[in-house]
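Participant:
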Amino acid sequence: MLLLTTLLLPLAGAVGILIAHRTPDYREAVTLITASLIAVLVVEITSRYMAGEVFAMTLIEPMPGIAIAFEIEALGMLFALVAGLLWLVTSIYAIGYMRSQNEPNQTRFFAAFAVSIAATMGIAFSANLFTLFLFYELLTLATYPLVTHAGTPEAKRGGRVYLGILLGTSIGLFLLGILITWSLTGSVDFQHGGILAGHIDPAWAGLLYALFLFGVGKAAVMPFHRWLPAAMVAPTPVSALLHAVAVVKAGVFTLLKITIYIFGSDFILSNDVTGGLIWVAASTILIASLIAMTKDNLKARLAYSTVSQLSYIVLGAMLASKAGLIGASMHIAMHAFAKITLFFAAGAIYVASHKKLVSELNGLGRAMPITFAAFFIGTLSIIGLPPFGGMWSKWYLGLGAAETAQMSLLAVLMISSLLNIIYLLPIPIRAFFSKPESGQHYTEIAEAPKPILLAMIVTSTACVILFFYPDPFYQLASLAAGGS
Amino acid sequence: MDHISLLLVVIPLITAPIVAVLPRGRLPWAVTLVVTTLCALLAGMQLWTVLHEGVISYELGGWAPPWGIEYRIDAVNAFVALIVASIAAITLPYALLSVEQEIPEEKIPLFYSALLLCLTGLLGITQTGDIFNVFVFLEISSLSSYALISLGKERQALTSAFQYLIMGTIGATFYLIGVGLIYSQTGSLNMQDIATILPGVVHLKTVDTGFAFIMIGIAIKLAMFPLHLWLPNAYTYAPSVVTVFLAATATKVALYVMLRILFIVFPHGFALATPVEELFIVAGIASIIIASIYAIYQEDVKRLLAYSSVAQIGYMVLGIGFASATGVTAALVHMFNHALMKGALFMAVGAIIYRIGACRMDQIHGLGRAMPWTFGAIVIAALSLIGVPGTAGFISKWYLVSAALEQSAWISVAVILFGSLLAVVYMGKLIEALYFKPITETGKEVTEAPLLLLAPMWTLVLANIYFGLDTNLTVGVAETAAATLGVMKP
Amino acid sequence: MDFFIGQYNYWVVIFLMMVGLYTVISRGNLIKKIIGLSIFQVSVFFLYISMGTVEGGAAPIITEGVKLYSNPLPHVLILTAIVVGVATTALALALVIRIKESYGTIEEDEIHKLDHSL
Numbered sequence: 001m002l003l004l005t006t007l008l009l010p011l012a013g014a015v016g017i018l019i020a021h022r023t024p025d026y027r028e029a030v031t032l033i034t035a036s037l038i039a040v041l042v043v044e045i046t047s048r049y050m051a052g053e054v055f056a057m058t059l060i061e062p063m064p065g066i067a068i069a070f071e072i073e074a075l076g077m078l079f080a081l082v083a084g085l086l087w088l089v090t091s092i093y094a095i096g097y098m099r100s101q102n103e104p105n106q107t108r109f110f111a112a113f114a115v116s117i118a119a120t121m122g123i124a125f126s127a128n129l130f131t132l133f134l135f136y137e138l139l140t141l142a143t144y145p146l147v148t149h150a151g152t153p154e155a156k157r158g159g160r161v162y163l164g165i166l167l168g169t170s171i172g173l174f175l176l177g178i179l180i181t182w183s184l185t186g187s188v189d190f191q192h193g194g195i196l197a198g199h200i201d202p203a204w205a206g207l208l209y210a211l212f213l214f215g216v217g218k219a220a221v222m223p224f225h226r227w228l229p230a231a232m233v234a235p236t237p238v239s240a241l242l243h244a245v246a247v248v249k250a251g252v253f254t255l256l257k258i259t260i261y262i263f264g265s266d267f268i269l270s271n272d273v274t275g276g277l278i279w280v281a282a283s284t285i286l287i288a289s290l291i292a293m294t295k296d297n298l299k300a301r302l303a304y305s306t307v308s309q310l311s312y313i314v315l316g317a318m319l320a321s322k323a324g325l326i327g328a329s330m331h332i333a334m335h336a337f338a339k340i341t342l343f344f345a346a347g348a349i350y351v352a353s354h355k356k357l358v359s360e361l362n363g364l365g366r367a368m369p370i371t372f373a374a375f376f377i378g379t380l381s382i383i384g385l386p387p388f389g390g391m392w393s394k395w396y397l398g399l400g401a402a403e404t405a406q407m408s409l410l411a412v413l414m415i416s417s418l419l420n421i422i423y424l425l426p427i428p429i430r431a432f433f434s435k436p437e438s439g440q441h442y443t444e445i446a447e448a449p450k451p452i453l454l455a456m457i458v459t460s461t462a463c464v465i466l467f468f469y470p471d472p473f474y475q476l477a478s479l480a481a482g483g484s
Numbered sequence: 001m002d003h004i005s006l007l008l009v010v011i012p013l014i015t016a017p018i019v020a021v022l023p024r025g026r027l028p029w030a031v032t033l034v035v036t037t038l039c040a041l042l043a044g045m046q047l048w049t050v051l052h053e054g055v056i057s058y059e060l061g062g063w064a065p066p067w068g069i070e071y072r073i074d075a076v077n078a079f080v081a082l083i084v085a086s087i088a089a090i091t092l093p094y095a096l097l098s099v100e101q102e103i104p105e106e107k108i109p110l111f112y113s114a115l116l117l118c119l120t121g122l123l124g125i126t127q128t129g130d131i132f133n134v135f136v137f138l139e140i141s142s143l144s145s146y147a148l149i150s151l152g153k154e155r156q157a158l159t160s161a162f163q164y165l166i167m168g169t170i171g172a173t174f175y176l177i178g179v180g181l182i183y184s185q186t187g188s189l190n191m192q193d194i195a196t197i198l199p200g201v202v203h204l205k206t207v208d209t210g211f212a213f214i215m216i217g218i219a220i221k222l223a224m225f226p227l228h229l230w231l232p233n234a235y236t237y238a239p240s241v242v243t244v245f246l247a248a249t250a251t252k253v254a255l256y257v258m259l260r261i262l263f264i265v266f267p268h269g270f271a272l273a274t275p276v277e278e279l280f281i282v283a284g285i286a287s288i289i290i291a292s293i294y295a296i297y298q299e300d301v302k303r304l305l306a307y308s309s310v311a312q313i314g315y316m317v318l319g320i321g322f323a324s325a326t327g328v329t330a331a332l333v334h335m336f337n338h339a340l341m342k343g344a345l346f347m348a349v350g351a352i353i354y355r356i357g358a359c360r361m362d363q364i365h366g367l368g369r370a371m372p373w374t375f376g377a378i379v380i381a382a383l384s385l386i387g388v389p390g391t392a393g394f395i396s397k398w399y400l401v402s403a404a405l406e407q408s409a410w411i412s413v414a415v416i417l418f419g420s421l422l423a424v425v426y427m428g429k430l431i432e433a434l435y436f437k438p439i440t441e442t443g444k445e446v447t448e449a450p451l452l453l454l455a456p457m458w459t460l461v462l463a464n465i466y467f468g469l470d471t472n473l474t475v476g477v478a479e480t481a482a483a484t485l486g487v488m489k490p
Numbered sequence: 001m002d003f004f005i006g007q008y009n010y011w012v013v014i015f016l017m018m019v020g021l022y023t024v025i026s027r028g029n030l031i032k033k034i035i036g037l038s039i040f041q042v043s044v045f046f047l048y049i050s051m052g053t054v055e056g057g058a059a060p061i062i063t064e065g066v067k068l069y070s071n072p073l074p075h076v077l078i079l080t081a082i083v084v085g086v087a088t089t090a091l092a093l094a095l096v097i098r099i100k101e102s103y104g105t106i107e108e109d110e111i112h113k114l115d116h117s118l
């Protein structure tokens with residue numbers, strides 16, 4: 001019951017938002033209440049799940065053997081927990097952001113947002129590939145109006161790239177992968193240990209894995225990463241929650257699920273399924289970092305940073321060793337908290353000063369100390385320094401590479417951390433220590449509205465807390481990786 | 001109730017002349033509505049009977065086959081008859097307002113009369129078990145559809161109808177030649193009877209020739225690539241209601257005849273020994289790709305959808321080409337689902353035409369905001385056409401790709417998926433025009449279509465979702481039907 | 001020789017069929033197209049009727065002392081087909097009249113020039 005409630009509640013919220021479209025206060029109240037309930041629900045479900053309760057249900061079975069079914073397992077729980085908690089924070093942020101910007105069509109915005117969360121929950125809880133695919137497509141479609149929210153020609157162009165790549169890869173490759181899996185095994189259910197072993201010639205397994213790797217376009221593995229920078233035309237709350245957390249994490253989550261529950265880590269390890277493909281992820285990490293360095297637009301730089309960070313998770317999945325999988329799973333959570341902080345800060349900067357370019361930020365730190373402090377914390381967590389949560393996931397990813405004796409991959413991770421420092425750290429440093437170009441200190445710019453500040457403080461604090469107390473995420477991640 | 005199969009044909013046939021002489025006003029429409037609803041109910045009962053009690057064999061006038069005409073109803077034709085009759089019944093409420101606007105008042109009784117005749121013909125084709133009888137019904141439906149198309153508002157409707165008449169008559173005559181040649185060798189016109197006699201005479205060139213003539217004749221009616229040239233014009237210029245009805249039924253019935261001839265009349269061994277299979281696959285692939293690309297470049301929305309229909313027919317042809325149980329199941333399922341999605345789409349376009357009188361891309365800018373329900377219907381039907389999971393279209397694509405994978409037909413797999421992407425492009429173009437383009441001056445006064453147009457449209461839209469989630473009826477029946485056809489390959 | 005003379009009915013049919021089809025395709029005048037279509041249909045009628053003949057058979061009317069009859073079924077069939085053919089021709093002619101009214105011409109290329117259809 002709880003499970004279905006988590007899915008339906010955001011949808012009910014969306015309806016409520018549409019009904020309350022005349023009075024923005026009620027509409028925002030509906031958003032906040034729904035988001036709080038969801039946050040409470042995911043925490044409650046997590047604690048019950050850890051206590052051993054089993055959540056599983058089948059909704060309907062459109063075709064024999066292919067059902068719309070849900071089942072909670074560790075990985076999905078972790079993803080749902082991250083998305084559920086961050087939705088609440090983002091809602092607070094979004095209300096502050098949208099109001100201060102006087103954006104049009106806010107009702108459509110909040111309603112589509114709620115539908116996107118419902119789709120994300122559907123992805124997290126799906127018990128088979130078919131259900132996952134259904135919600136995966138729903139998420140693409142529900143986020144499309146958010147990406148094109150501004151309605152400008154630029155937004156439409158971004159929206160076209162977004163829809164084109166995500167739908168194209170999912171229909172052309174992902175669906176094909178699912179169908180091949182179905183025709184080989186007669187099943188699309190997620191099972192511990194995978195379902196493909198014994199049904200597929202190991203030589204072909206790599207090809208099938210490639211279909212999934214590129215087909216799950218939301219994971220933004222190069223060369224199908226273009227949609228993510230294109231989606232940055234969306235309002236910042238959308239970039240923050242959806243394109244740093246929900247949508248992109250849905251992509252890598254799908255890949256992890258497929259790795260663990262369709263292929264099975266033993267099958268991958270014993271047959272070297274991902275041997276060559278792993279370099280696709282490795283090169284995405286490096287190339288995206290290099291591109292990020294060249295971007296002056298703050299959100300574009302963050303977008304390429306996301307592309308690079310996502311491939312950490314993909315890399316961890318393809319390592320398929322226990323530590324690699326733990327690192328990948330934890331990185332879903334750790335990167336989410338850090339990157340959302342960065343996007344929140346970017347939005348706050350835009351709201352307060354209407355600046356979008358990195359080169360314009362000189363000296364802004366004195367005018368907006370809280371914002372840049374949060375940005376600084378987020379940066380350090382992404383780089384993977386203690387005492388911030390990001391350290392743990394990088395630690396396990398490195399361990400995974402070492403465990404499988406892939407020293408060159410370890411080197412990639414190290415180089416990438418250096419690149420992170422080069423393209424992210426200068427931003428807060430410029431803000432705090434450089435003088436504005438005019439030579440005058442900013443006086444007319446103050447901090448962004450309170451809801452925005454509150455959201456940033458919460459997420460940046462979370463980055464610190466997660467260093468000292470990563471336990472819930474670690475437990476879920478090791479449960480998923482251990483396969484027991 | 002023994003006469004159920006005959007009643008399905010006779011009721012609309014008898015009412016057609018009655019409707020023609022009824023006084024003007026809404027009475028002709030009301031009578032037609034009652035008749036089509038009755039037919040839909042009868043067709044439903046017939047399918048139920050077939051599924052539960054087995055094949056119905058009805059001897060017309062008490063003459064035993066193979067001398068008399070036999071109506072032989074199995075799962076295949078009961079299914080197709082249900083599609084035809086229920087689409088007719090759903091179209092009729094929609095017809096009232098649309099027809100009053102598009103057809104001159106004095107011609108309305110004749111319009112409904114022709115519609116009933118067309119229904120008679122289509123249902124007749126599905127019911128009969130006699131290949132010459134098929135020709136007669138084929139011509140009844142064709143002649144009335146030429147007349148219906150020519151009633152379109154623009155003068156191009158006349159030339160389109162004429163073009164269709166020439167093509168259609170050549171097709172029907174080809175079919176007739178084929179039937180004659182087969183008759184000359186077997187001495188029978190009963191489908192089952194021919195099937196038992198044919199193995200003895202398959203070595204004869206005449207049988208080969210007859211088969212080829214029949215296939216080409218039906219391929220024209222089916223608008224199978226590259227014999228599809230009549231279809232885009234006919235669909236574009238016909239009155240909205242006629243387009244809805246024909247798009248959802250006429251080609252489907254032709255496809256049914258194709259299936260029946262391929263798998264029942266000609267024992268599969270013969271049909272498969274000739275390279276028909278490869279021809280079907282090539283034709284299917286070509287129409288999916290070429291017609292979809294044509295659709296992308298259309299400026300008239302109805303024409304865009306018409307080219308999309310040609311492409312969708314390609315999917316069905318491809319399914320038949322696999323000649324496997326899954327392939328034929330996929331073709332039948334897609335036949336049903338495509339009727340749902342194209343019905344809904346053409347109804348939505350008809351609603352726009354009802355409001356603004358035309359449907360070119362540059363005239364509909366921004367109308368999605370003015371007509372949100374119509375726009376919603378287009379979006380959902382478009383998703384179904386693309387094959388997004390949760391819609392009926394996904395089920396068809398799933399079975400089609402499964403059938404292709406079974407035979408490791410990788411090119412076909414790629415083409416099916418690529419076709420979906422092309423559908424994203426052309427439907428995306430339509431949706432973009434409706435939603436993102438700034439609204440035109442005239443468009444600002446447009447209001448939502450009346451409920452009488454919306455209700456049937458949304459019935460079909462919801463059916464698109466329902467049959468995407470519950471496939472007991474569609475896939476279940478299609479699988480039984482494929483088994484009835486005795487498809488040989490696994 | 002027998003191939004040509006013994007099956008002369010088929011040669012007639014094929015000749016008419018080709019004449020008909022060629023006329024439909026090559027003529028731009030809509031009336032001539034209809035004529036071609038009719039010839040094409042008529043050739044099929046001949047095909048059926050000549051097929052029904054049984055060598056030495058009498059007309060299929062039961063008479064004392066006659067054992068061998070021609071096959072009446074194709075005749076019956078073709079009666080139906082003739083009716084269909086007449087209906088088609090009538091409809092086609094009606095369409096041509098309407099086309100003439102709204103375009104002022106029944107030449108295909110001129111209609112095409114007027115609005116790029118057909």
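Here the protein sequences come in this chain order: A, B and C.
Per our numbering, numbering through the first sequence is continuous, rising by one, with the last residue being 484.
Per our numbering, numbering through the second sequence is continuous, rising by one, with the last residue being 490.
Per our numbering, numbering through the third sequence is continuous, rising by one, with the last residue being 118.
Every residue gets a Cβ at the ideal spot worked out from N, C-alpha and C, and that includes glycine.
A quick note: this is a predicted structure, and the numbers were derived from the prediction, not measured.
(1) Give me the chain C residues within the contact set of Tyr146 of chain B, using Cβ-Cβ distance strictly less than 9 Å, ordered along the chain.
(2) What are the residues of the segment 123 to 134 of chain A that lie near chain B, defined by any Cβ-Cβ distance shorter than 8 Å?
(3) For a test of the three-state rule: what should DSSP assign to Thr404 of chain A, helix, strand or coil?
(4) Please classify Thr90 of chain A: does DSSP put it in a helix, a strand, or coil?
(5) Does the ligand SAH have a heavy atom nearer than 6 Å to the CB of Gln298 of chain B?
(6) Have a look at Pro490 of chain B and Gly206 of chain A and give me their C-alpha separation to the nearest angstrom.
(7) For Ala311 of chain B, which three-state DSSP category applies?
(8) Closest Cβ-Cβ distance between Ile171 of chain A and chain B: below 7 Å?
(9) Against chain A, which members of the segment 350 to 384 of chain B pass a CB distance test of less than 8 Å?
(10) Assign Thr128 of chain B to one of three DSSP states: helix, strand, or coil.
(11) Checking the sheet assignment: what are the DSSP bridge partners for Glu59 of chain B?
(12) Can you grab the Cα-Cα spacing for the pair Ala78 of chain B / Leu262 of chain B, in whole Å?
(13) Would you kindly report the start and end of the unbroken alpha helix (DSSP H) that includes Leu59 of chain A?
(14) Suppose you measure from the CA of Pro109 of chain B to the CA of Arg226 of chain A; what does that come to, to the nearest Å?
(15) Whole angstroms are fine: how far does the CA of Ala246 of chain A sit from the CA of Gly395 of chain A?
(16) Give me the Cα-Cα distance between Leu460 of chain B and Asn362 of chain A, rounded to the nearest whole angstrom.
(17) Exposed or buried, Leu68 of chain C, counting other C-beta atoms within 10 Å across all chains shown (16 or more means buried)?
(18) On a CA-only basis, which of B:Ala455, B:Asp470 and B:Glu105 is nearest Ala392 of chain B? Give me that one, please.
(19) What first and last residue would you give for the alpha helix (DSSP H) that runs through Glu71 of chain A?
(20) I'd like to confirm the pairing. Which residues does DSSP put opposite Asn464 of chain B in its beta bridges?
(21) Kindly list, in the order they appear in chain B, the residues whose Cβ is closer than 9 Å to that of Glu154 of chain A.
(22) Between the segment 26 to 35 of chain A and the segment 81 to 91 of chain A, can you find at least three pairs of beta-carbon atoms closer than 8 Å?
(23) Glu406 of chain B versus chain A: which residues are under 8 Å apart at the beta carbon?
Facilitator: Checking against the coordinates, here is how it stands:
(1) As a first step, residue 146 of chain B is located in the second sequence; it is residue number 146 there, counting from the start. Within 9 Å Cβ-Cβ: Thr88, Leu91, Ala92 and Leu95.
(2) Phe130, Phe133 and Leu134
(3) Walking along the first sequence from the start, residue 404 of chain A turns up at place 404. Of the three classes helix, strand and coil, the one that applies to Thr404 of chain A here is coil, per DSSP.
(4) One-based indexing of the first sequence puts residue 90 of chain A at position 90. If DSSP states are grouped into helix, strand and coil, Thr90 of chain A belongs with the helices.
(5) The ligand content of the structure shown is nil, which means the ligand SAH is not present either.
(6) For this step, residue 490 of chain B is matched to residue 490 along the second sequence. For this step, residue 206 of chain A is matched to residue 206 along the first sequence. With a pLDDT of 43 at Pro490 of chain B, under the threshold of 50, the modelled position of this residue cannot be trusted; read the value that follows with caution. Straight-line Cα distance between these residues: approximately 28 Å.
(7) Your numbering for residue 311 of chain B matches position 311 in the second sequence. The answer is helix: DSSP assigns Ala311 of chain B an H, G or I state.
(8) As a position in the first sequence, residue 171 of chain A is number 171, starting the count at 1. At least one chain B Cβ lies under 7 Å of Ile171 of chain A.
(9) Leu383
(10) Counting from 1 along the second sequence, the entry for residue 128 of chain B is found at position 128. Three-state result, Thr128 of chain B: strand.
(11) Along the second sequence, read from residue 1 onward, the residue named residue 59 of chain B stands at position 59. Note: Glu59 of chain B sits in a beta bridge opposite B:Glu70.
(12) In the second sequence, counting from the first residue as 1, residue 78 of chain B sits at position 78. In the second sequence, counting from the first residue as 1, residue 262 of chain B sits at position 262. C-alpha separation (whole angstroms): 18 Å.
(13) In the first sequence, the residue the question calls residue 59 of chain A occupies position 59. Run containing Leu59 of chain A: none in the alpha helix (DSSP H); it sits in the beta strand (DSSP E), Ala56 to Met63.
(14) As a working mapping, residue 109 of chain B is identified with position 109 in the second sequence. As a working mapping, residue 226 of chain A is identified with position 226 in the first sequence. Cα-Cα distance, rounded: 58 Å.
(15) For the purposes of this step, residue 395 of chain A is identified with residue 395 of the first sequence, where counting begins at 1. For the purposes of this step, residue 246 of chain A is identified with residue 246 of the first sequence, where counting begins at 1. Before going on, a small fix: residue 395 of chain A reads as Trp here, not Gly. Taking the straight line joining both Cα atoms gives about 24 Å.
(16) Against the second sequence, residue 460 of chain B aligns to sequence position 460. Against the first sequence, residue 362 of chain A aligns to sequence position 362. Those two C-alpha atoms are separated by around 59 Å.
(17) The residue given as residue 68 of chain C occupies position 68 in the third sequence. So Leu68 of chain C ends up on the exposed side.
(18) Along the second sequence, read from residue 1 onward, the residue named residue 392 of chain B stands at position 392. It is B:Asp470.
(19) Along the first sequence, read from residue 1 onward, the residue named residue 71 of chain A stands at position 71. Unbroken run through Glu71 of chain A is the beta strand (DSSP E), Ile66 to Glu71; no alpha helix (DSSP H).
(20) As a working mapping, residue 464 of chain B is identified with position 464 in the second sequence. Beta-bridge pairing links Asn464 of chain B to no other residue.
(21) As a working note, residue 154 of chain A is residue 154 in the first sequence. By Cβ distance, chain B contributes nothing, its closest Cβ being about 13 Å from Glu154 of chain A, past 9 Å.
(22) yes
(23) Here residue 406 of chain B refers to the residue found at position 406 when the second sequence is read from its first residue. In chain order: Ser183.
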